[in-house]
Amino acid sequence: MTEAGTITVTARVAYGTKQQLADMRPLFKAERTRARALSTSAPWDWDGLPGREAAAKRAQWAMYRAHLHESGELADTLDGLVAFWVRAELAALGWDRDWPPLPAQAKNPGGGPGRGTAAGRSG
198 MTEAGTITVT ARVAYGTKQQ LADMRPLFKA ERTRARALST SAPWDWDGLP
248 GREAAAKRAQ WAMYRAHLHE SGELADTLDG LVAFWVRAEL AALGWDRDWP
298 PLPAQAKNPG GGPGRGTAAG RSG
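Using our numbering, the first residue of the sequence shown is number 198, and each one after it goes up by one.
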């Protein structure tokens, strides 16, 4: 599942990258343990709170955790780690900016602007 405004991508990586990522499993495990410990620390602990207060605490924790992921301070999932580095690479390329909206005709199914009819002929 993706969030609004996100898109799933597939990346080609150098041979051996998959094994390097597999070798990072201990890091992810340690980071998940750290995230669990953070979520039960004083500012975020929701145990024993009434339903709405607990839900509000969980929502605050989720926002804080997202901030930790975006800033690279918490790498408890492969997706989080990859997303952080992709954002950093896009920023390095200058692509992390607001882009102009797509032209209306580009959103139509069946192709982009400048294409003919379904039979391949215009007019």
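Glycine included, each C-beta is placed from N, C-alpha and C at the ideal position.
Exercise. Hey, would you say residue 232 sits closer than 8 angstroms to residue 276, going by beta carbons?
Worked result: Taking the sequence shown and counting its residues from 1, one reaches residue 232 at position 35. Taking the sequence shown and counting its residues from 1, one reaches residue 276 at position 79. Not in contact: residue 232 and residue 276 (Cβ atoms no closer than 8 angstroms).
For this session: Measure the Cβ-Cβ separation of residue 271 and residue 284 and say whether it is below 8 angstroms.
Result: Indexing the sequence shown from 1 puts residue 271 at position 74. Indexing the sequence shown from 1 puts residue 284 at position 87. Residue 271 places its beta carbon 8 angstroms or farther from that of residue 284.
For this session: Let me know the alpha helix (DSSP H) ranges lying completely inside the stretch 209 to 291, each 4 residues or longer, listed in chain order.
Result: Within the stretch 209 to 291, the runs of alpha helix (DSSP H) at least 4 residues long that lie entirely inside it are, in chain order, 214 to 219, 222 to 236, 248 to 268, 275 to 290.
Exercise. Exposed or buried, which one is residue 250 when buried takes at least 16 other CB atoms within 10 Å?
Worked result: The sequence position of residue 250 within the sequence shown is 53, counting from 1. For residue 250, the number of other beta carbons within 10 angstroms of its own is below 16, and it is reported as exposed.
Problem set entry | Proximal residues to residue 254 (C-beta, below 7 angstroms), its chain only, five neighbours per side dropped | As a working mapping, residue 254 is identified with position 57 in the sequence shown. So the list reads 241, 243, 246, once near-sequence residues are dropped.
Exercise. Would residue 299 pass as a contact of residue 293 if the rule is Cβ separation under 8 angstroms?
Worked result: Sequence index remark: in the sequence shown, residue 299 carries index 102 (1-based). Sequence index remark: in the sequence shown, residue 293 carries index 96 (1-based). With respect to residue 293, residue 299 sits apart: the two C-beta atoms are not nearer than 8 angstroms.
Problem set entry | Local Cβ density within 10 Å of residue 266, reported as buried at 16 or more and exposed below that | The count along the sequence shown starts at 1 and reaches residue 266 at position 69. Buried.
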